[in-house]
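J.:
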């Protein structure tokens, strides 16, 4: 949400504002989001496959899985908090600063998860620390998602705003693919005992390297031209959050419920299905991770196709379609029928 400049396409086309090179915008917005979602999905995969036995071994398998996935859900409470918090300061201090901070917040929380001792070492404190780190992850991702899209679209030509806005969106499947690819490789190399002992921690530790790379890229990014223009015109506000709720609360509610339904379906597939497939359907974890990686390639392709469509026919028409939903459905039918017949 941007309360600093109105009529973005018109303003962008009439005034000669200096933008970052297209490659810089693509790399900074897409890479940062890929890193954030790598961190986010690492937790999702671990919570479905490893956390029930590591942090809830005293529970029955079903209850342990439910509690583990419940810690995964903590981030969804925190994500709106992060969106509002970073959105507020992004409209006051600038997009670049908030993007750098959100990446740091996410990175620190993710690496910390890799060092949390198991239940055998510190008891229930392990689960509590998981929830705390997961909450911080949600705040970081909430700030990252909205900020990265703003950086991309505010640097975009008026006729390519959806396409530019797709670059950070594509970061999500890239992060997902890299994360599940790493878990897949680790499960091929390490024994199940090694994975339970230390293997699951490696993706969380690896996040530190990705965050350093992401910070280097984002420090080269300059402030968006529209925010610079708003500052020059003294068109910023001291209370962006209050202003946006006052004038756009209906749009906020609509967008929240629309995206809520979308994410419920998406994370049912990417997280819960891993737990279900490995416990009830007889898949090994590496088998189902490979299937998910194939599905996520389709996800990335559809993001780019629908963004091009949105620039041509409009956002609403391209948004209200069932092509991608139908493809996910038909992908899931043979997967589950294969193991149940």
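Numbering (the numbering used here), first residue to last: -11 to 329.
Here a beta-carbon is modelled for each residue, glycine too, at the ideal position from N, C-alpha and C.
Model, not experiment: these values are computed from the prediction.
(1) Please report the residue range of the alpha helix (DSSP H) in which residue 206 lies.
(2) Check whether the Cβ atoms of residue 91 and residue 15 lie closer than 8 Å to each other.
(3) Would you kindly work out how many angstroms separate the C-alpha atoms of residue 170 and residue 197, rounded to a whole number?
(4) Looking at C-beta atoms only, is the number of pairs between the segment 150 to 161 and the segment 95 to 110 that lie closer than 8 Å three or more?
(5) Assess, as a yes-or-no matter, whether the segment 124 to 142 is touched by the segment 234 to 250 under the definition of 3 or more beta carbon pairs within less than 8 Å.
(6) Return the residue from the list 75, 24, 41, 235 that minimises the CA-CA distance to residue 63.
(7) Given a cut-off of 8 Å, decide if residue 126 and residue 65 are closer than it, judged by their beta-carbon atoms.
(8) Counting only the same chain and skipping the five closest in sequence on each side, list residues whose C-beta sits under 6 Å from that of residue 84.
(9) Going by beta-carbon coordinates alone, are residue 183 and residue 38 separated by less than 8 Å?
(10) Could you check what DSSP says for residue 38 in three-state terms: helix, strand or coil?
(11) At a cut-off of 7 Å, is residue 33 close to the ligand MN when judged by its beta-carbon and the heavy atoms of the ligand?
(12) Just mark residue 29 as buried or exposed, buried being the case when its beta carbon has 16 or more other beta carbons within 10 Å.
(13) Pull up the distance between the alpha-carbon of residue 103 and that of residue 89, whole angstroms please.
(14) Quick one: give me the first and last residue of the alpha helix (DSSP H) that residue 344 is part of.
(15) Determine the DSSP secondary structure at residue 104, reduced to helix, strand or coil.
(16) Compute the Euclidean distance between the alpha carbons of residue 173 and residue 265, then round it to the nearest angstrom.
(17) Using three-state DSSP, classify residue 74 as helix, strand or coil.
(18) Assess contact between the segment 157 to 165 and the segment 285 to 298, defined as three or more Cβ pairs (one per stretch) separated by less than 8 Å. Is contact present?
(19) Ignoring anything shorter than 4 residues, give me the alpha helix (DSSP H) runs that lie fully in the segment 233 to 310, in order along the chain.
(20) Are residue 137 and residue 87 touching if we call contact CB-CB under 8 Å?
(21) I'd like the span of the alpha helix (DSSP H) that includes residue 141, first residue to last.
(22) For the candidate residues 257, 57, 292, whose alpha-carbon lies nearest to that of residue 276?
(23) In angstroms, rounded to a whole number, what distance separates the CA positions of residue 52 and residue 80?
(24) With DSSP as the reference, label residue 13 as helix, strand or coil.
(25) In the structure shown, what three-state DSSP assignment does residue 145 receive?
(26) If I follow the unbroken alpha helix (DSSP H) through residue 181, where does it start and stop?
(27) Grouping DSSP H, G and I as helix and E and B as strand, with all else coil, what is residue 44?
(28) Rank 301, 201, 269, 59 by C-alpha distance to the C-alpha of residue 121 and give the top, closest one.
(29) What does a CB cutoff of less than 7 Å around residue 106 pick up in its chain, not counting 5 residues either side in sequence?
(30) State the DSSP-derived secondary structure class of residue 82, mapped to helix, strand or coil.
(31) Would residue 167 and residue 255 qualify as a contact pair, given that the criterion is a beta-carbon distance under 8 Å?
(32) Does DSSP put residue 67 in a helix, a strand or coil?
T.: From the atom records:
(1) Here the alpha helix (DSSP H) through residue 206 covers 190 to 207.
(2) A distance of 8 Å or more separates the beta carbons of residue 91 and residue 15.
(3) A straight-line Cα-Cα distance of about 14 Å links residue 170 and residue 197.
(4) The segment 150 to 161 is not in contact with the segment 95 to 110.
(5) Contact fails: fewer than three Cβ-Cβ distances are below 8 Å.
(6) Comparing Cα positions, the closest option is 24.
(7) Taking the C-beta atoms as reference points, residue 126 is found nearer than 8 Å to residue 65.
(8) Apart from sequence neighbours up to five positions away, the residues of its chain that approach residue 84 with a beta-carbon distance below 6 Å are 209, 211, ordered along the chain.
(9) Remark: C-beta atoms of residue 183 and residue 38 approach each other more closely than 8 Å.
(10) The DSSP-derived three-state label of residue 38 is coil.
(11) Ligands displayed in this structure: none; no statement on the ligand MN is therefore possible.
(12) Looking at its Cβ environment, which holds 16 or more other Cβ atoms inside 10 Å, residue 29 is buried.
(13) Whole-angstrom Cα-Cα distance: 22 Å.
(14) Only positions -11 to 329 of the chain appear in the structure, and residue 344 is not among them; the question remains open.
(15) In the structure shown, residue 104 sits in coil (DSSP, three-state: anything other than H, G, I, E or B).
(16) Cα to Cα, the separation comes out at about 19 Å.
(17) In the structure shown, residue 74 adopts helical secondary structure according to DSSP, grouped into three states.
(18) Here the segment 157 to 165 makes contact with the segment 285 to 298; the two share three or more CB pairs at distances below 8 Å.
(19) 261 to 267, 273 to 301, 303 to 307, all fully within the segment 233 to 310.
(20) The answer is no: Cβ separation not under 8 Å.
(21) DSSP places residue 141 in the uninterrupted alpha helix (DSSP H) bounded by 113 to 142.
(22) In terms of Cα proximity to residue 276, the closest of 257, 57, 292 is 257.
(23) The straight-line gap from Cα to Cα measures roughly 43 Å.
(24) Correct three-state label for residue 13: helix.
(25) Three-state result, residue 145: coil.
(26) Note, residue 181: alpha helix (DSSP H), 180 to 185.
(27) Under the three-state reduction of DSSP output, residue 44 falls in the coil class, being neither helix nor strand.
(28) Of the candidates 301, 201, 269, 59, the one whose C-alpha sits nearest the C-alpha of residue 121 is 59.
(29) Within the same chain, Cβ atoms closer than 7 Å to the Cβ of residue 106 are found at 42, 43, 114, the five residues on either side in sequence being excluded.
(30) It is coil, neither helix nor strand.
(31) For residue 167 and residue 255, no; Cβs fall outside 8 Å.
(32) DSSP places residue 67 in helix when its eight states are reduced to three.
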